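Numbering that gives the first Met the number 0 puts the sequence shown at residues 0 to 318. Where is the CB? At the ideal position from N, CA and C, for every residue including glycine. Just so it is clear, the structure is predicted and the values come from calculations on it, not from any experiment. Have a look at the structure below before the remarks.
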Amino acid sequence: MKALLIQSHVVHGYVGNKASSFPLQLRGWDVDALNTVQYSNHPGYGFFSGFQYSEKVLRDTLLKGLIESMDIHYDVVLTGYCPSGEILEEMARIINSKMAHVKWVLDPVLGDNNRLYVSETVVDVYRTLLRDNLVYLTTPNQFEMELLTGTKIRDAPSLHESLRRFHKLYPRVQRIVVTSIDMDTCGGDPRDTNYVVGYWGPDFTVDPSSHTIKKINALFNGSGDLFTALLMDYSVAREMHLGDAVTATATLTSQILSRTCDLTPNRAQATDPDVLVAGPAPVKVQDLKLIQCRDLIVLPAADPPADPVTTTTTTTITT
């Protein structure tokens with residue numbers, strides 16, 4: 000299958016297109032990557048240099064170059080980090096007018112840990128895009144979901160309400176997967192038990208569901224981009240039911256993060272007050288070890304089950 004990825008790019012490290020392209024290629028995808036920015040490294044280092052591409056450059060590259068001149072047809076387009084609302088709106092216009100046949104996977108990259116990566120105007124642009132466009136799959140994290148729905152997620156009932164409110168606000172979105180929900184639906188301590196992934200779709204006739212995985216006490220950069228790419232693979236190329244795709248994606252992502260953590264020397268503890276809770280401070284892992292994890296990512300004869308370290312469960316969320 001052929002995919003166009005419209006996301007950020009870093010020279011060093013693995014976020015944005017660098018976190019998505021290689022795993023998809025290992026799993027048989029023909030990938031074209033259109034970079035919205037080019038930075039030396041991701042901002043999580045505390046410093047970076049580079050530049051943002053203008054709306055005109057991105058429009059001409061996509062419309063005049065890839066579509067009109069080369070007549071390339073894609074099966075899926077994945078949009079991730081865009082630095083401005085104008086770029087988002089222009090990409091949406093092109094997708095709707097020239098690529099209406101493709102499945103649109105939209106990762107609404109707004110921020111994380113209660114902090115915006117973009118200006119507040121971009122939040123409104125995403126609300127409009129999700130309301131007015133046919134989107135195959137969207138993958139907000141907890142913070143982004145709260146921004147898009149105006150619903151604070153604290154427990155299973157509030158997650159349930161957030162998913163229902165999302166569907167009411169954005170009925171043209173066919174599938175939604177909410178990643179990295181920092182709570183515990185089983186009554187344990189949310190600081191050291193589980194991350195939850197909430198999902199709903201494609202027909203929205205049954206209750207929303209959740210999937211829990213063992214939390215790794217570390218902060219990763221690019222894990223959301225990796226998760227969305229793998230979920231796209233399982234959902235589109237492998238044609239899995241959404242619940243099965245979420246389970247497979249969460250399991251594989253957790254295995255990659257666990258190995259990344261093991262292979263990262265001199266890990267520093269996080270000091271950001273927005274991510275600190277009582278108990279041991281999480282360690283900061285700056286870069287995913289995707290090359291060292293290629294044996295996990297490449298398509299096996301059959302996808303492995305969850306290992307004991309990342310035992311997973313799937314439950315229906317009820318109120």
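(Q) Let's see if you can read the secondary structure: which residues bound the alpha helix (DSSP H) around residue 131? (A) Taking the sequence shown and counting its residues from 1, the one referred to as residue 131 is at position 132. 119-131 is the span of the alpha helix (DSSP H), which, as asked, contains residue 131.
Q. By a C-beta neighbour count over all protein chains shown, 10 Å radius and 16 as the cutoff for buried, is residue 143 buried or exposed?
A. On the sequence shown, position 144 is the one that residue 143 refers to. With a threshold of 16 other beta carbon atoms within 10 Å, residue 143 meets it and is buried.
Q: Starting from residue 294, trace the beta strand (DSSP E) both ways and give me its first and last residue.
A: Taking the sequence shown and counting its residues from 1, one reaches residue 294 at position 295. Premise fails: residue 294 lies in the alpha helix (DSSP H), 293-296, not in any beta strand (DSSP E).
(Q) Quick test of your reading: residue 296 and residue 249, contact by CB under 8 Å. State the CB separation rounded to the nearest angstrom. (A) For the purposes of this step, residue 296 is identified with residue 297 of the sequence shown, where counting begins at 1. For the purposes of this step, residue 249 is identified with residue 250 of the sequence shown, where counting begins at 1. That pair is no contact at about 14 Å.
Q: Answer yes if the stretch 96-105 comes into contact with the stretch 44-60, meaning at least three C-beta pairs across the two stretches below 8 Å, and no otherwise.
A: no
Q.
So, under 8 Å CB-CB, residue 219 and residue 176 are touching, yes? Tell me the CB distance rounded to an integer number of Å.
A. On the sequence shown, residue 219 is found 220 positions in, with the first residue counted as 1. On the sequence shown, residue 176 is found 177 positions in, with the first residue counted as 1. That belief does not hold up - the Cβ atoms of residue 219 and residue 176 are roughly 18 Å apart, past 8 Å.
Q) Are three or more beta carbon pairs between the stretch 83-93 and the stretch 11-27 nearer than 8 Å? A) no
(Q) Could you check whether residue 163 and residue 201 sit closer than 7 Å to each other, using their CB atoms as the reference points? (A) By one-based count along the sequence shown, residue 201 stands at place 202. By one-based count along the sequence shown, residue 163 stands at place 164. No, the Cβ-Cβ distance between residue 201 and residue 163 is not below 7 Å.
Q) Taking the alpha-carbon positions, what's the residue 22 to residue 71 distance? A) Here residue 22 is taken as the residue at index 23 of the sequence shown, counted from 1. Here residue 71 is taken as the residue at index 72 of the sequence shown, counted from 1. Residue 71 has its alpha-carbon roughly 22 Å from the corresponding atom of residue 22.
Q: Assign residue 290 to buried or exposed, taking buried as 16 or more other Cβ atoms, counted over all protein chains shown, within 10 Å of its Cβ.
A: Reading the sequence shown from its first residue, position 291 is the one you call residue 290. By the neighbour-count rule (16 or more Cβ atoms within 10 Å), residue 290 is not buried but exposed.
Q.
Quick check: the Cα distance between residue 217 and residue 178, rounded to an integer number of angstroms?
A. Locating residue 217 in the sequence shown gives position 218, counting from the first residue. Locating residue 178 in the sequence shown gives position 179, counting from the first residue. Residue 217 and residue 178: Cα-Cα distance of roughly 16 Å.
Q: Taking residue 141 as part of the alpha helix (DSSP H), name the residues at either end of that continuous run.
A: On the sequence shown, residue 141 is found 142 positions in, with the first residue counted as 1. Run containing residue 141: 141-148, per the alpha helix (DSSP H) assignment.
Q. Where do the ends of the beta strand (DSSP E) carrying residue 50 lie?
A. For the purposes of this step, residue 50 is taken as the residue at position 51 of the sequence shown. Where residue 50 is concerned, the enclosing beta strand (DSSP E) stretches over 49-51.
Q. For residue 30, which residues from the same chain have a beta carbon less than 7 Å from its beta carbon, with the 5 sequence-adjacent residues on both sides left out?
A. The residue labelled residue 30 in the question sits at position 31 within the sequence shown. Excluding positions up to five away in sequence, the list reads 2, 4, 20, 23, 24.
Q) With a CB to CB cut of under 8 Å and the five nearest residues on each side skipped, what residues in its chain are close to residue 231? A) Here residue 231 is taken as the residue at index 232 of the sequence shown, counted from 1. Correct list, in chain order: 2, 23, 75, 77, 104, 136.
Q. Cβ of residue 148 within 7 Å of Cβ of residue 227?
A. The count along the sequence shown starts at 1 and reaches residue 148 at position 149. The count along the sequence shown starts at 1 and reaches residue 227 at position 228. No, Cβ-Cβ distance for residue 148 and residue 227 is not below 7 Å.
Q. Does the separation of the CB atoms of residue 36 and residue 82 fall below 7 Å?
A. In the sequence shown, residue 36 corresponds to position 37, counting from 1. In the sequence shown, residue 82 corresponds to position 83, counting from 1. In contact: residue 36 and residue 82 (Cβ atoms closer than 7 Å).
Q. Count the other CB atoms within 10 Å of the CB of residue 197; is the residue buried (16 or more) or exposed (fewer)?
A. As a first step, residue 197 is located in the sequence shown; it is residue number 198 there, counting from the start. Buried, since its Cβ has 16 or more Cβ neighbours within 10 Å.
Q) Beta-carbon separation of residue 79 and residue 6 under 7 Å? A) In the sequence shown, the residue the question calls residue 79 occupies position 80. In the sequence shown, the residue the question calls residue 6 occupies position 7. Yes, Cβ-Cβ distance for residue 79 and residue 6 is below 7 Å.
Q. In chain order, which continuous runs of the alpha helix (DSSP H) of length 4 or greater are located wholly inside the stretch 50-84?
A. 54-58
Q. Whole-angstrom Cβ separation of residue 241 and residue 234, contact assumed at under 8 Å?
A. Your numbering for residue 241 matches position 242 in the sequence shown. Your numbering for residue 234 matches position 235 in the sequence shown. Sure, about 7 Å apart at Cβ, within 8 Å.
Q. From residue 150 to residue 282, what distance separates their C-alpha atoms?
A. Indexing the sequence shown from 1 puts residue 150 at position 151. Indexing the sequence shown from 1 puts residue 282 at position 283. One C-alpha to the other measures close to 29 Å.
Q) Name the DSSP bridge partner or partners of residue 199? A) Start at 1 with the first residue of the sequence shown, and residue 199 comes out as number 200. Its beta-bridge partners are 175.
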